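Sequential numbering of the sequence shown, starting at 8, is according to the numbering used here.
Here a beta-carbon is modelled for each residue, glycine too, at the ideal position from N, C-alpha and C.
The structure displayed is predicted, hence computed values, not measured ones.
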Amino acid sequence: MEQLRIFTLTLGVLLGLYLVLYFGKNGFDLTLDIVNWTFLCLIMLLVGNARELAGLISRGGRTVGEVLLQYPLYAGIIGMLSVSGLVDTFSQFFIDISTPGTLGLWTFLAAGFLNIFVPSGGGQFAVMAPMFANAADALQVDQSVVIMAIAYGDQWTNLIQPFWAIPLLAVAGLKIRDILGYTFVTLVLSGITFGGTMLIVGAG
Numbered sequence: 008m009e010q011l012r013i014f015t016l017t018l019g020v021l022l023g024l025y026l027v028l029y030f031g032k033n034g035f036d037l038t039l040d041i042v043n044w045t046f047l048c049l050i051m052l053l054v055g056n057a058r059e060l061a062g063l064i065s066r067g068g069r070t071v072g073e074v075l076l077q078y079p080l081y082a083g084i085i086g087m088l089s090v091s092g093l094v095d096t097f098s099q100f101f102i103d104i105s106t107p108g109t110l111g112l113w114t115f116l117a118a119g120f121l122n123i124f125v126p127s128g129g130g131q132f133a134v135m136a137p138m139f140a141n142a143a144d145a146l147q148v149d150q151s152v153v154i155m156a157i158a159y160g161d162q163w164t165n166l167i168q169p170f171w172a173i174p175l176l177a178v179a180g181l182k183i184r185d186i187l188g189y190t191f192v193t194l195v196l197s198g199i200t201f202g203g204t205m206l207i208v209g210a211g
């Protein structure tokens with residue numbers, strides 16, 4: 008049975024019909040569930056049978072399994088950092104040493120450092136943005152400066168935690184250690200570029 012195409016094909020068609028009805032009723036109102044259902048539908052339509060699907064999952068899991076295990080830990084870390092007030096203390100330090108011209112740079116560096124421990128753009132923004140937004144108001148700095156600085160900092164140190172490359176690594180059959188040397192060089196060069204940009208914006 009696991010080698011019969013009919014089972015995965017039937018499930019894929021049923022999911023496809025559900026998606027057609029959903030989009031017909033709601034338009035392109037995407038939710039996380041609908042995105043997941045869409046990918047699952049495509050998978051079921053494209054794989055040959057259940058055995059092939061199990062093999063694909065197994066091979067992909069060997070490549071990314073070590074990284075996926077870390078995500079619950081990161082969720083716990085962001086919770087502890089937020090509840091303990093450590094993020095507030097850390098952020099306040101950078102705010103205290105900032106001037107209108109350097110707030111963007113220090114925000115960028117703070118976000119990059121925090122991202123090493125909490126590589127979650129949304130979680131990081133939620134805990135950092137309110138404090139740095141207030142600092143921007145106090146120093147009469149445009150809010151867009153701190154918003155972009157937090158975003159740049161988050162993306163910057165992702166280069167030494169390249170979770171964004173997980174799908175590509177799974178396809179290529181590589182480990183994160185295989186590309187880390189290259190991403191570290193990019194980390195240094197992009198850090199200079201981002202940091203310099205923040206100083207130029209601050210000076211303007």
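Quick one, which of the options has its alpha-carbon nearest residue i's?
i, options, result
"SER65", "GLY180, GLN147 and GLY119", "GLY180"
"TYR81", "ASN122, SER105, LEU60 and ILE13", "ASN122"
"LEU16", "TYR29, PHE46 and VAL54", "VAL54"
"VAL27", "SER98, THR45 and ILE199", "THR45"
"VAL148", "PHE132, ILE13 and SER105", "SER105"
"PRO103", "ILE85, PHE124, ALA145 and PHE120", "It should be pointed out that residue 103 corresponds to Asp in this sequence rather than to Pro. Nearest of ILE85, PHE124, ALA145 and PHE120 to ASP103, Cα basis: ALA145."
"ARG58", "LEU176, ARG12, GLY119 and CYS48", "ARG12"
"PHE132", "TRP113, ALA172, ILE157 and ILE167", "ILE157"
"ARG69", "SER197, TYR189 and LEU176", "LEU176"
"GLY108", "GLN99, VAL152 and PHE14", "VAL152"
"ILE199", "VAL134, GLY119 and ILE50", "GLY119"
"PHE170", "TYR78, THR114 and PHE97", "TYR78"
"VAL20", "LEU49, ILE41 and VAL42", "LEU49"
"GLN150", "VAL208, GLY188, LEU39 and ASN56", "VAL208"
What first and last residue would you give for the alpha helix (DSSP H) that runs through residue i?
i, result
"MET138", "128-145"
"ILE84", "78-91"
"THR106", "Note, THR106: premise wrong, no alpha helix (DSSP H); not H, not E."
"THR164", "150-164"
"ILE173", "173-179"
"PHE14", "12-33"
"VAL54", "Run containing VAL54: none; DSSP gives neither H nor E here."
"LEU194", "183-210"
Given 8 Å, three or more beta-carbon pairs between the stretch 93-103 and the stretch 192-199: no
Inter-stretch contact at 8 Å, needing at least 3 Cβ pairs: the stretch 123-141 / the stretch 156-165: yes
Below 8 Å, can you find three or more Cβ-Cβ pairs linking the stretch 170-185 to the stretch 137-152? The stretch 170-185 is not in contact with the stretch 137-152.
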